[in-house]
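So the sequences go chain by chain: A and B.
If you use the numbering used here, the first sequence corresponds to residues 1 to 258, in order.
If you use the numbering used here, the second sequence corresponds to residues 1 to 258, in order.
Cβ coordinates follow ideal geometry from the N, Cα and C atoms, glycine included.
Keep in mind it's a predicted model, so treat the numbers as computed, not measured.
Here the structure comes first, spelled out in structure tokens, and everything after it is commentary.
2 protein chains.
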Amino acid sequence: MTYCVGIVLDSGMVFASDSRTNAGVDYISTYSKMKVFEKAGDRAIVVMSSGNLSVTQNAINMLEQHSRRDDPQGNIWAAESLFEVARLLGTSLREVRERDAIYLQQNNIDSSASFIIGGQIKNERMRLFRIYTEGNFIEATPETPFFQIGETKYGRPIIDRVVTPATSLMEAAKCVLVSFDSTMRSNISVGLPIDLASYERDALQLKVKRRILESDAYFNMIHTRWGEGLRHVFSQLPDPDWGNEGATQAQYQGEIFK
Amino acid sequence: MTYCVGIVLDSGMVFASDSRTNAGVDYISTYSKMKVFEKAGDRAIVVMSSGNLSVTQNAINMLEQHSRRDDPQGNIWAAESLFEVARLLGTSLREVRERDAIYLQQNNIDSSASFIIGGQIKNERMRLFRIYTEGNFIEATPETPFFQIGETKYGRPIIDRVVTPATSLMEAAKCVLVSFDSTMRSNISVGLPIDLASYERDALQLKVKRRILESDAYFNMIHTRWGEGLRHVFSQLPDPDWGNEGATQAQYQGEIFK
Numbered sequence: 001m002t003y004c005v006g007i008v009l010d011s012g013m014v015f016a017s018d019s020r021t022n023a024g025v026d027y028i029s030t031y032s033k034m035k036v037f038e039k040a041g042d043r044a045i046v047v048m049s050s051g052n053l054s055v056t057q058n059a060i061n062m063l064e065q066h067s068r069r070d071d072p073q074g075n076i077w078a079a080e081s082l083f084e085v086a087r088l089l090g091t092s093l094r095e096v097r098e099r100d101a102i103y104l105q106q107n108n109i110d111s112s113a114s115f116i117i118g119g120q121i122k123n124e125r126m127r128l129f130r131i132y133t134e135g136n137f138i139e140a141t142p143e144t145p146f147f148q149i150g151e152t153k154y155g156r157p158i159i160d161r162v163v164t165p166a167t168s169l170m171e172a173a174k175c176v177l178v179s180f181d182s183t184m185r186s187n188i189s190v191g192l193p194i195d196l197a198s199y200e201r202d203a204l205q206l207k208v209k210r211r212i213l214e215s216d217a218y219f220n221m222i223h224t225r226w227g228e229g230l231r232h233v234f235s236q237l238p239d240p241d242w243g244n245e246g247a248t249q250a251q252y253q254g255e256i257f258k
Numbered sequence: 001m002t003y004c005v006g007i008v009l010d011s012g013m014v015f016a017s018d019s020r021t022n023a024g025v026d027y028i029s030t031y032s033k034m035k036v037f038e039k040a041g042d043r044a045i046v047v048m049s050s051g052n053l054s055v056t057q058n059a060i061n062m063l064e065q066h067s068r069r070d071d072p073q074g075n076i077w078a079a080e081s082l083f084e085v086a087r088l089l090g091t092s093l094r095e096v097r098e099r100d101a102i103y104l105q106q107n108n109i110d111s112s113a114s115f116i117i118g119g120q121i122k123n124e125r126m127r128l129f130r131i132y133t134e135g136n137f138i139e140a141t142p143e144t145p146f147f148q149i150g151e152t153k154y155g156r157p158i159i160d161r162v163v164t165p166a167t168s169l170m171e172a173a174k175c176v177l178v179s180f181d182s183t184m185r186s187n188i189s190v191g192l193p194i195d196l197a198s199y200e201r202d203a204l205q206l207k208v209k210r211r212i213l214e215s216d217a218y219f220n221m222i223h224t225r226w227g228e229g230l231r232h233v234f235s236q237l238p239d240p241d242w243g244n245e246g247a248t249q250a251q252y253q254g255e256i257f258k
């Protein structure tokens, strides 16, 4: 499984991906799911992938190949907007699935794949896209300033509660790590290391590129203190007093169902 | 969508289900997903259902019909073990799906359904089962003392962190409500009222049967204080200090990825 998050804030962007890949529980390995295309002063683009590894790798390889050949139709280094880059990646994904999906299907292997792609190109604003398995895509807006792909649900509540466009870069990075901690606790197929990148608006180069390993002191602190904090808040909530039904009815104005 | 949780503790059991049903977002209604079979001093059995409403209702109706006819092969009031009751419900589910699934399939309607069933029958220990769409089932164990069906992921982390067989009944009920609060926050198709039942070991009748409405003071307190508590714990965690890369490397012993 996979977990990736991309957030676009007023002040910048945060990207994070896990790196566990499994083809069955007896074949687990580590692959980075984050790819950076960066040319300082011109563009900083981060791509994160989820789904069938051969499909996502091939799609990104095709994008790179087009770019090396300096194909004017498909050069990630020449594209004038991130919209264009998202379209290139969607097209590459379609080409790979057209070639491979039918063969995978013969063995009931899922060929679905998706991407989060974001960053900034000179003379354009920061942008964040989510590309679906069919190659179509959507863009993040201030109302929905983040995208997740892969195992998204365990880690979503804390992002929902905390992140708005006004959140600071480092606070959003902290939130992303709490979100990963919850996800890894409930799904062992999401695992360390985490690749984390942050981008400051208009910098046209990444601010932080960090691989978080098991030895990472900051992440371990988050893990421990968040768990302790949750248990503390929980223990401070009063238990219900429903044993005493008379008092309860008045106290909580509830209603007994039949 | 649906969310149901059943927990078996050393001291008793807790059951909770939401009651929102939707056939498309423009057809939302309220149905209880919890059914109680109770004969004080003899048995207390709670059934919660998830999936296609016509399938789950029909399966439970068939179970009741068999019981009214005093069919010795299928009487929930005469069964000597909960294992037997789980098998009866699994069989009813299979019969309904054999009859209806092919017609539903013609319109691409999902006929899948599942149940949590638990409680205690005289001369037996408390037991908790999860019945799958195919009619087969598993039983909870001390290592895995709870089952969830429906929209399970948003509300799972807090149960994972808090509940063990040694947890008290009221603390488990509190945990279940926190879990529902997280789920309803992230998935609007899970909604109030919540039906909540608790059972004290060997009592052979339910202790609490409660319908939690929007006006429920206890649930509203949980909602507010849990949200505030989470944000407080989050705000108390220090932000990462990665901007200052020199210090950070030493401080957190991380590693920059390429």
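Ranking A:Trp77, A:Asp202, A:Ala197 by CA distance to the CA of arginine 125 (chain A) puts A:Asp202 first. In the structure shown, tyrosine 31 (chain B) falls within a coil segment according to DSSP collapsed to helix, strand and coil. CA-to-CA, the gap between tyrosine 132 (chain A) and serine 189 (chain B) works out to about 23 Å.
At a cut-off of 8 Å between beta-carbon atoms, glycine 229 (chain A) makes contact with chain B.
With respect to isoleucine 212 (chain A), leucine 230 (chain A) sits apart: the two C-beta atoms are not nearer than 8 Å. The three-state secondary structure of lysine 174 (chain A), taken from DSSP, is helix. Taken in chain order, the members of the region 142 to 162 of chain A whose beta-carbon sits within less than 8 Å of a beta-carbon on chain B are Lys153, Tyr154, Arg156, Pro157, Ile158, Asp160, Arg161, Val162. Per DSSP, tyrosine 199 (chain A) is one residue of the beta strand (DSSP E) stretching across 194 to 200. Secondary structure note for tyrosine 132 (chain B): it is in no beta strand (DSSP E), with a DSSP letter that is neither H nor E.
Under DSSP, valine 47 (chain A) forms a beta bridge with A:Lys35, A:Ile117.
Bounds of the alpha helix (DSSP H) holding serine 92 (chain B) are 82 to 106. One alpha carbon belongs to histidine 223 (chain B), the other to lysine 35 (chain B), and they sit about 26 Å apart. Between the region 45 to 63 of chain A and the region 89 to 98 of chain A, the count of C-beta pairs closer than 8 Å reaches three or more; the two stretches touch. The three-state reading of DSSP puts serine 111 (chain A) in coil, since its state is none of H, G, I, E or B. For the region 29 to 52 of chain A, the residues whose beta carbon sits under 9 Å from a beta carbon of chain B are, in order, Ser32, Met34, Val36. With its beta carbon at least 8 Å from every one in chain B, isoleucine 188 (chain A) lies outside the interface. Less than 8 Å divides the Cβ of glycine 51 (chain A) from the Cβ of alanine 113 (chain A). One finds Met170, Glu171, Lys174 in chain B with Cβ atoms closer than 7 Å to the Cβ of aspartate 239 (chain A), taken in chain order.
When the Cα atoms are used, asparagine 187 (chain A) and aspartate 70 (chain B) turn out to be separated by approximately 45 Å.
According to DSSP, residue pairing for serine 189 (chain A) in a beta bridge does not occur. The three-state reading of DSSP puts glycine 12 (chain B) in strand, counting E and B together. Straight-line measurement puts the Cα of valine 233 (chain A) at about 22 Å from the Cα of valine 5 (chain B).
Excluding the 5 residues flanking it on each side, glycine 74 (chain A) has same chain C-beta neighbours closer than 6 Å at His66, Leu88, in chain order. Inclusion of phenylalanine 129 (chain B) and aspartate 18 (chain B) in the CB contact set at 8 Å is not warranted, their separation being larger than that value. Taking aspartate 110 (chain B) as the centre and dropping the five residues before and after it, the same chain places the C-beta of Gly51, Asn52, Leu104 closer than 8 Å to its C-beta, in chain order. In the DSSP assignment, valine 208 (chain A) falls within the beta strand (DSSP E) that extends over 206 to 212.
Only residues of its own chain outside the window of five on either side were considered, and among them Val5, Gly6, Ile7, Ala140, Ile159, Val163 have a CB closer than 7 Å to the CB of phenylalanine 146 (chain A), listed in chain order. DSSP, reduced to helix, strand and coil, places valine 163 (chain A) outside both helices and strands of the structure shown, so it counts as coil.
Annotation for glycine 74 (chain A): no alpha helix (DSSP H) segment contains it, and DSSP assigns it neither H nor E. Between the C-alpha atoms of serine 198 (chain B) and aspartate 100 (chain B) there is a straight-line separation of about 34 Å.
If you draw a straight line from the Cα of valine 208 (chain A) to the Cα of lysine 207 (chain B), it is about 55 Å long.
Under the three-state reduction of DSSP, threonine 152 (chain B) is assigned to coil, being neither helix nor strand. Annotated three-state conformation of threonine 224 (chain B) is helix, per DSSP. Burial state of glutamine 148 (chain B) is buried, judged by a 10 Å Cβ sphere holding 16 or more other Cβ atoms. Within the same chain, Met1, Thr2, Tyr3, Thr183, Asn187, Ser189, Val190 come within 8 Å of glutamate 151 (chain B) by CB-CB distance, once the 5 residues on both sides are set aside. Going by C-alpha positions, tyrosine 31 (chain A) is about 18 Å away from aspartate 216 (chain A).
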